Each structure stands twice: as structure tokens, then as C-alpha cells.
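Protein chains in written order, with my numbering: chain A, 1 to 621; chain B, 1001 to 1277.
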Amino acid sequence: MRKLFLSDDILMRVEKSARYIGNEVNSVNKDLASIDLRFCMCFPDVYEIGMSHLGIQILYEMFNRRPDVWCERVYSPWPDLHEIMKEKDIHLFALESQEPLKNFDMIGITLQYEMCYTNILQILDLSHIPLLQTDRTNEDPIILCGGPCTYNPEPIAAFFDIVYIGEGEESYDELFDLYISERKSGAYDRNEFLHKAAKIPGLYVPSLYEVSYADDGTIASFTPKYPDLPMTIRRMVVTDMDASPYPTKPIVPYVQAIQDRAVLEIMRGCIRGCRFCQAGMIYRPNRERSVELLKGYAKEILASTGYDEISLSSLSSSDYTQLRELVEFLIEECGKSKVNISLPSLRIDSFSLDVMSKVQDIRKSSVTFAPEAGSQRMRSVINKGLTEEDIFSGAQKAFAGGWNKVKLYFMLGLPTETEEDIKAIPILGNAIAALYYDTVPKEQRNGKCQITMSTSFFVPKPFTPFQWASMFPKEEYLARAKIVNDTMKEQLNHKSLRYQWHQADVTILEGVFARGDRRVSDVILYAYEQGCFFDAWGEYFDYQKWEDAFAACGVDPDFYIMRERDTEEILPWDFIDVGIKKDFFVREWEKAKNAVITENCRAKCNGCGAMSYSCGICLRA
Amino acid sequence: MQRLRCHELFLRHLFKGIILKIRIKFKKFGTMKYIGHLDFMRFFMKAVRRAGLPIKYTEGFNPHPVMSFALPLGVGVTSGGEYVDMELLTPFDCDELIDLLNRQMPEGVWTESATSLPEQSKKAMAEVSAADYLVYYKRNHPALSLAELNEKANALFNQSSVLVQKEGKKGVREVDLKPFVYDLSIRSMADLTDHWIRENVLYDDFCIDADHLYYRMTVSSGSNDNIKPELVIKAIYTYMGLDLHAEDLHTHRIELYRGTYPKLISLGVTDENISDP
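Now the structure itself:
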């Protein structure tokens, strides 16, 4: 009978104990006798969120294909269990083997959003692994991270031995081979291993690089400590999507995950080049998987998991060239096996409305637009190609097709934003509502229309044309949301409009983490020690504690937020060669300020530099 | 699309006469006891899909298998007698069906048998009327002797009524347990001879000695007057002036029944089976 690490007593006391028992369908168990390297993959958030992440499933599949490696998983224990573990001094353990993380060779933490940073420390703390890299010994596992947040790893650099820059499919084999041979040599030395690892493409070892600061607080220099180390770390990219591993037997959780369905990653990267979007830059070039391969994956995944729903994953599914063929195949295939199709946000046109009408109940579903900004000027600034005519013609078709619910997503606090741009948001919402009443005859209406507008506050990210932009004080964000709300109430169709906005505290913190430097790590450590974790969860986020942490550590958040950087300044992430030239970002930043748009990668190559990877759209354009 | 629907209707018409209702009996134990009822239902549906059984789905935009679980099992409770009803579109050998399902089950779920049901039979959920439970101590075993405890329990249930506070959806209300506890005995662990239970339920890290005692009871169950076994034990403790900590107990469901006491019939036995000589 399978033995669990936690006692029955504890499991009966905590919420959703099935989060901690492992043994899910398609999880992998191996015989330790044949294993040279034990890897634990970690998503530093609660199980239901972590289990919804495709990246871990891909790497789990890839690592476990190696007979000498066993990859297991761990997620953040929920605060109820955290408290018990702290009180009873219980170590954190991996789900598969139910053994302490301390027994592992490597722990890989995926960083998908900045607000999970304190949870990194929770994982290390509960595992009894020193929080600071400098305190670790040969007995401690190697702590790695990967994912979008690593495009500025400096605020968390102090906690990691290795930062993996780019797509995981590329360099892990080399790292594992190195580790296994170092271990087998019998004279394993952690620092020597890290020094050798730092020469593997895509791997950044923060402890081997030094930063010095100028009097004004900006970075004066960033240099390797040894001459044999690279000056820049180049982002790793999968050049052949069809040849890369894909999890056709993904783990099926018992506890319902946020993403409780089969997922097909149809492509990586995006052709659009929206200037606020980091993903649109750091996953270049746009690379598609072939439709025939995807059809096979769909059948295999459904058969191996028993999922009753399938969804497509990409940054902009409407741009997938074989979308029609794939969707028609899925409708046919899924109709036979009673599988639901969950559509990603598609560009609203005749095709997508036709597909939606086949797979959703029109009365219950809504159509979604992401104009991101209310005015055409602002949309030109951010290079969002969607025009008012696109939105109106899409909405009119949707209304004619029987829909009466429209969702609109916007951002507030974008660079150069004026009051007029802000007011344009509810004015656009009103115009869409008016379109409904003007074009749908009374007898065909299914009651009022419902236009829901949501705004999030914009946070500038590294490796985007807005990486130099200033943010705003917290009060200013809320003032802008109030303008939207007040203007909405003045609209003729205000009874058909709804508006939702976010809290601004989190935005400030995200801003500091996204573009912070090594000095921010003190703040994160201090905040964790004062009890901050699960900051991505409203009920646990305590902004006052963070303000105290900044004060206690002598770090001024405004230095990171309230400052437009000069394009000559050394940015904390400049040592990363993301494959896109700084020139391109500078050009785009200038064009943004003049509200000039840049064409998408399919229409015209803009010479961003991604061509150096020689794959995907760069070869076809 | 329209044509596809017509085709489906035609097929359904054709098969109308032979949609087969079946009832599956399964056990839930080991680490699977930590999976809550809703998660377990989703897990079971996925297993049925993986097994590739030709089962009937509901209509509409979000079709799901037509399934009826007899009675939810609480988190932490193990069971040797769980039931779920399904409908098959084509005839299928019961043994093969069980075999296909078991191949999809992790440790802790074991489907034991499948029985075909008469077309007009009620859903498992609507049929359940009683359940057999075994309850033992994970810790804090009482210092009382078997004889003492039995004596107290008998005295309690020899009263004209056994009033307890029962927590329900609409708050706490007073209930008379007496008519709903059909059978109750307190026995010594040494007398527990069921091999499967000894291997799969008493395996845990709990300290269980041969001279420990356990409760065996048959109580009213189902959508009306569902009695949890802990409530019965709590009544005995209250009668003795003691406090019960429900977290000290482990509950194991042995079997589910339909019919009216004293004529209880196992949920796995159909009317056709009964009339068989």
C-alpha cells in the first residue's frame, strides 16, 4: 500500500488534502536504483494553479524520457498546511516519491508571474534549504528557475544557483549530463559544477557575476567574475516545434485544476508585436506546429486522459495558419467522442462566430474583444492592430448571430495616456451598446445587451519597447479607473455597461519586481520573514507589510517605478541576449511616442533580430 | 451539423430498445480516501472515457456521461460497497467491462462487479435506504471495557427515543436516532475476520490492538434520514457523559442497501437475481 509523507492526522485537518497525495493518472514513478539525477519541478503556487501549467507537463515528459533521470513535482502548500509544517517542523516533500526535497539533486522552479516571488522562499524554507544561494553547501540541491520572469532574474538572483534563460527543451540534457558526470567523478564540488554549468548555452549563474552601482543608483557595470564566462546569456529557442517533445500523456489531477482539460499548444511566439506585451517579444520567432501532428496529439491526449474538453494554447490562435482545418477536425472528432471544445479568445469574424455557434450556447456565452486601449491614437501607441471598424463589424455580426454579451479588455496607465484616451474606453463601450440597439430589431432582441469592460493597470516589462517607461503613483491608477467609471455613468446606454477594475497595490509591487535589480532581493527576503507569501492571492496580500519591508531595507520603490530610463542606461537585464536587438526596441519606443504603427511579422520583416534563430516565421516571411 | 443531429436521432431511435442500465460495485480505499466526492465523480468519468466504454451521454452543448453515484462518501471515509449506475448504448459483457475499468484505476479504487438492471429500475441514488458501517479508533481508544460500552449502548437504545442534535443544510435540528439505527453492536478487533478490511482499511499508521473495539452498525441512509455513524457514537458518548472527538475515528462503509428494514437488499442485487432460485 502506497505510503504518504504526511500523516493521516494532518491530511484530515487540511483543506483539499488530495493536493498532497500524488499518484495522479499518468504521473511517473521510477525505481531509484537506476536513477542518477532526481529533479523536482516546482510551480510556486497552489496545486490547482500549478497543475494547469503546460510548461511543466512538457518538461516532465521530456525529463522522464531519460532512464537516468526521475522528474517529480511539488507545489506550494496552502497556508493551512504551511502552518502545520512550520509548527511541527515537517519538511516539504515531492508528490511522486513522497520524499523530502532535500534528498533531490535539483529543484527547478517555474516563475510565471512576479507575485509568486515570496513563494519561492516558502518552498526553500519548508524544504530546509538555505534561502540564500551563498549559504548553500554540497549537501544542498541545485536550485534553478525558468519561465517568463527570468528575463529579469536580478530581484531573485540571490535565491538561485542557476537561471535558465529561454525554452527548456534545449539545454537541460547538457546540464544533466554535466551534473551526472561530476557526481560520478566522486569529487563533486558545488561551486566547480556551477562554474562549468555557467558555460552551457542559456544558463546564467548569478553568483558568478558582479554588479556595481553609480552614485545615482543606476547600474555602473555588470561583469563576470572569471574570464572564461560569457558576457551575455543567449535565450534558448526551439527551432523545430514538430521535433520537440510534447506530453501526450499529461498528468490528470484528482483535485479539479483551473485548466481541467486537454491542451494543444498550436504555436509559440506571436507575429503581432504589441509594444506592451513581453510574451510577444521573448517568444519570437513565431513558430507553428503542423496541423497533422496536432490532430494526432489531440486523439492521443484524449485517449490517455479521459478529458471531456480540449482547448488550444498560443498567444494569438487566430494567427495560426491552419486554424480552420484544425478546428473543423476537432469539431468532427470531438462530436463523435462527446468532447467539448473550449475556444481560446479568437479574433471575432465570420469564421470564429460560426465555430462558436457550433460549440457553445449562444445565449450563455459572450464574445470577447481585447482592444487594450480605448482610443485609436492609444492603440497606435501600443501597436495593437485592432481598429474600431474591426470591433464594430465583429460585434454587429455577433449581435446578428444572436449574442448579446460582449466583453472588452483594456489597460490603463499606458505611456502617453491622456484623459481623452481614458474616456475613450467607456465611449467605445457605449458605441457597441448603441450598435446593438440600432441594428437588432426589437422583436429579435433577447433583452438588453451586456457590455462588460475590464481594465488592468499596465506594468512595463523588460525586453519590450516600454521597458524604459515610467509608471504612476498608486493614487493615479485609481484616479484613472474613476474617470472610466464616471464617464461610463454619463453614457446614454450606461444601463447596458459594466466596468471592473483591479487594485493598484499589486501593480506597484509588480512594477518593482519586473524591472528591479539585485537590491530588491533584500526586500523580498525581509517581507517573507515578516509573513508575506501567496501575494498573488488577495486574501493573503498585505501591502502594508511590503511598505514596511521597503523602508526596513532602505529600498525606494519609486526608483524602479517613477522614473523614465534613458535608453543609454545599463538595465539590470541587459546581460541577456534575447535575440532581439536593443536598436529595435529603441526604434519601437520612438515610434510609440509618435503613435506610429509597425506591421506584423507576416506582412513585413521589421528586422528585430529574431532572424538569427533561423526558424519559424523568419524563414517564411 | 443539422445532418449530423438527424443521424444521431436515427441511431438513438434504433437502439432505443436496448439501452442497458448497469450498476457497478466498487471499493474506495488507501490514499484515494482523500479524494472528495465531486473530484471522485470527475475522476471516475475520466476513467470510463479512458476505458472506451460505449456509454450514454446527456444532450446539449456540454454532454456528460449519464451516471448516478449511490451515496456520497466523505473525505477520509473508506468503502467496500460503493455503487454507480451507467447506461450503455450497446450490449457489453459485464466481466469485460469490469476488466477494462480496472485497468484504468489507480491503487485505491477497485471495481468489483457489474450487474445489469431492469429498464424500469430507479437510479442508485434514489434507491439507497440503508448502509452498513464499521467504525474504529485511530487513537484515543476508550478506557472502557467492551462489556461496559455495550451495556451503555443497549441502555441508550432501550429508551423510547434517542434525541441528538443533527447538523444539516438548514442548521442544527433535533432528531430521534432510534428509528434510524437498525442494528448496532460493539465488538473486539480480534473478532474482525474480514481479510480484505484487515489488509486495506486497517493498514494505516494507526495503533490498533487485538483488544481494541470497533462499532458495527446498520443505519438509515440516502436522501432522507441519512444518519452518519459518528452521530450514533456521539450519542453513546453523550449518554455516558464523555466528549467524542470525531477526528479520532475512522469510518469504513461496508455495504449499501435498498428496501425497508428489516427487508434490506444489497444495492448490487437486482430483483431479477432475487427471483432466481
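Even glycine gets a Cβ: it sits at the ideal position worked out from N, Cα and C.
As the structure is a computational prediction, the values presented were derived from the model and not from experiment.
| Short check: CB of arginine 13 of chain A to CB of cysteine 40 of chain A, under 8 Å? | The answer is no: Cβ separation not under 8 Å.
| Would glutamine 112 of chain A pass as a contact of proline 153 of chain A if the rule is Cβ separation under 8 Å? | Pairing glutamine 112 of chain A with proline 153 of chain A gives a Cβ-Cβ distance that is not under 8 Å.
| Nearest candidate by alpha-carbon position, reference leucine 194 of chain A, set A:Phe222, A:Pro155, A:Asp140 | Considering only alpha carbons, the answer is A:Asp140.
| said: Taking the beta carbon of asparagine 600 of chain A as the centre, do at least 16 other beta carbons fall within 10 Å, making it buried, or is it exposed? | reply: Buried, since its Cβ has 16 or more Cβ neighbours within 10 Å.
| field | Three-state secondary structure (DSSP) of serine 357 of chain A | value | Here serine 357 of chain A sits in helix by DSSP.
| query | Counting only beta-carbon atoms, is serine 17 of chain A nearer than 8 Å to chain B? | reply | Put simply, the CB of serine 17 of chain A is near chain B, with a gap under 8 Å to one of its CB atoms.
| C-beta atoms of tyrosine 613 of chain A and threonine 239 of chain A nearer than 8 Å | In this structure, tyrosine 613 of chain A places its C-beta atom within 8 Å of the C-beta atom of threonine 239 of chain A.
| request: Please classify aspartate 1132 of chain B: is it buried, with 16 or more other beta-carbons within 10 angstroms of its beta-carbon, or exposed? | output: It is buried - the Cβ of aspartate 1132 of chain B has at least 16 other Cβ atoms within 10 Å.
| query | Leaving out five residues before and five after threonine 1260 of chain B in sequence, what residues of the same chain have Cβ atoms less than 8 Å from its Cβ? | reply | Closer than 8 Å at Cβ, skipping near neighbours: Ser1129.
| DSSP three-state call for aspartate 505 of chain A: helix, strand or coil? | Helix.
| Can serine 366 of chain A and lysine 405 of chain A be called in contact, C-beta distance under 8 Å? | Taking 8 Å as the cut-off, the beta carbon of serine 366 of chain A is found closer than this to the beta carbon of lysine 405 of chain A.
| Chain-ordered neighbours of histidine 1245 of chain B on chain A, where CB pairs are closer than 8 Å | Neighbours of histidine 1245 of chain B on chain A: none; closest Cβ ~11 Å, over 8 Å.
| Separation of leucine 353 of chain A from glycine 401 of chain A, as counted between CA atoms | C-alpha of glycine 401 of chain A to C-alpha of leucine 353 of chain A: approximately 8 Å in a straight line.
| Between which two residues does the alpha helix (DSSP H) containing aspartate 548 of chain A stretch? | Residues 543-553.
| Do aspartate 548 of chain A and glutamine 530 of chain A have their CB atoms nearer than 8 Å? | It is a contact, given that the beta carbons lie within the stated cut-off.
| Start-to-end residues for the alpha helix (DSSP H) that takes in valine 1148 of chain B | Note on residue identity: the sequence assigns glutamate, not valine, to residue 1148 of chain B. Per DSSP, glutamate 1148 of chain B belongs to the alpha helix (DSSP H) from 1146-1157.
| query | Beta carbon of leucine 343 of chain A, beta carbon of alanine 298 of chain A: below 8 Å? | reply | Not closer than 8 Å, so no.
| Buried or exposed by the 16-neighbour rule on C-beta atoms within 10 Å, applied to glycine 1074 of chain B | Answer is exposed; the Cβ neighbour count stays below 16.
| Are the C-beta of valine 1109 of chain B and some C-beta of chain A separated by less than 8 Å? | Not an interface residue.
| field | Boundaries of the beta strand (DSSP E) in which aspartate 625 of chain A is found, first to last residue | value | There is no way to answer for residue 625 of chain A, as the model of chain A reaches only from 1 to 621.
| task | Mind listing the chain A neighbours of glycine 1076 of chain B? Cutoff is C-beta to C-beta under 9 Å, in chain order. | result | The contacting residues are Asp8, Leu11, Met12, Ser17.
| said: Does the CB of isoleucine 21 of chain A have a neighbour CB from chain B at under 8 Å? | reply: True, the Cβ-Cβ gap to chain B drops below 8 Å.
| field | CA-to-CA distance, glutamine 57 of chain A to glutamate 48 of chain A, given in whole angstroms | value | A direct Cα-Cα distance of roughly 14 Å separates glutamate 48 of chain A from glutamine 57 of chain A.
| Near phenylalanine 575 of chain A, what residues of its chain come up, given a Cβ to Cβ distance below 8 Å and the 5 sequence neighbours on each side ignored? | In its chain, beyond the 5 residues on either side, Tyr204, Tyr209, Phe222, Met231, Thr232, Ile233 have a beta carbon closer than 8 Å to the beta carbon of phenylalanine 575 of chain A.
| field | histidine 1195 of chain B at chain A interface by Cβ criterion, 8 Å | value | By this cut-off, histidine 1195 of chain B is not an interface position.
| said: Could you compute how far the alpha carbon of lysine 604 of chain A sits from the alpha carbon of isoleucine 597 of chain A? | reply: C-alpha separation (whole angstroms): 12 Å.
| query | Between phenylalanine 466 of chain A and arginine 275 of chain A, is the Cβ-Cβ spacing less than 8 Å? | reply | Yes, they are a contact pair.
| request: Determine, using beta carbons only, whether asparagine 340 of chain A comes closer than 8 Å to chain B. | output: Yes, asparagine 340 of chain A counts as interfacial toward chain B.
| field | Where the alpha helix (DSSP H) through alanine 431 of chain A begins and ends | value | Per DSSP, alanine 431 of chain A is one residue of the alpha helix (DSSP H) stretching across 419-439.
| query | At which residues does the beta strand (DSSP E) containing tyrosine 409 of chain A begin and terminate? | reply | 405-412 is the span of the beta strand (DSSP E), which, as asked, contains tyrosine 409 of chain A.
| For the 8 Å Cβ check, are there 3 or more pairs between the stretch 265-285 of chain A and the stretch 460-479 of chain A? | Judged by pairs of C-beta atoms under 8 Å, the stretch 265-285 of chain A touches the stretch 460-479 of chain A, as three or more such pairs exist.
| task | Leaving aside the five residues before and after lysine 1152 of chain B along the sequence, list all residues of the same chain whose C-beta is less than 7 Å from its C-beta, in chain order. | result | Shown here for lysine 1152 of chain B: same chain residues with a beta carbon closer than 7 Å to its own, the five before and five after excluded, namely Ile1236, Tyr1239, Met1240 in chain order.
| query | Alpha carbon to alpha carbon, how far is leucine 293 of chain A from cysteine 270 of chain A? | reply | One C-alpha to the other measures close to 20 Å.
| request: Just tell me which of A:Val46, A:Leu37, A:His502, A:Leu32 has its CA closest to the CA of phenylalanine 534 of chain A. | output: Of the listed residues, the one whose Cα sits closest to phenylalanine 534 of chain A is A:Val46.
| Rounded to the nearest angstrom, how far is the Cβ of valine 1279 of chain B from that of valine 1219 of chain B, given a contact under 8 Å? | Since the displayed chain B opens at 1001 and closes at 1277, residue 1279 of chain B lies outside it and no answer follows.
| request: Identify the contact partners of histidine 1064 of chain B in chain A, using a Cβ-Cβ distance below 7 Å as the criterion. | output: Residues of chain A whose Cβ lies closer than 7 Å to the Cβ of histidine 1064 of chain B are, in chain order, Asp308.
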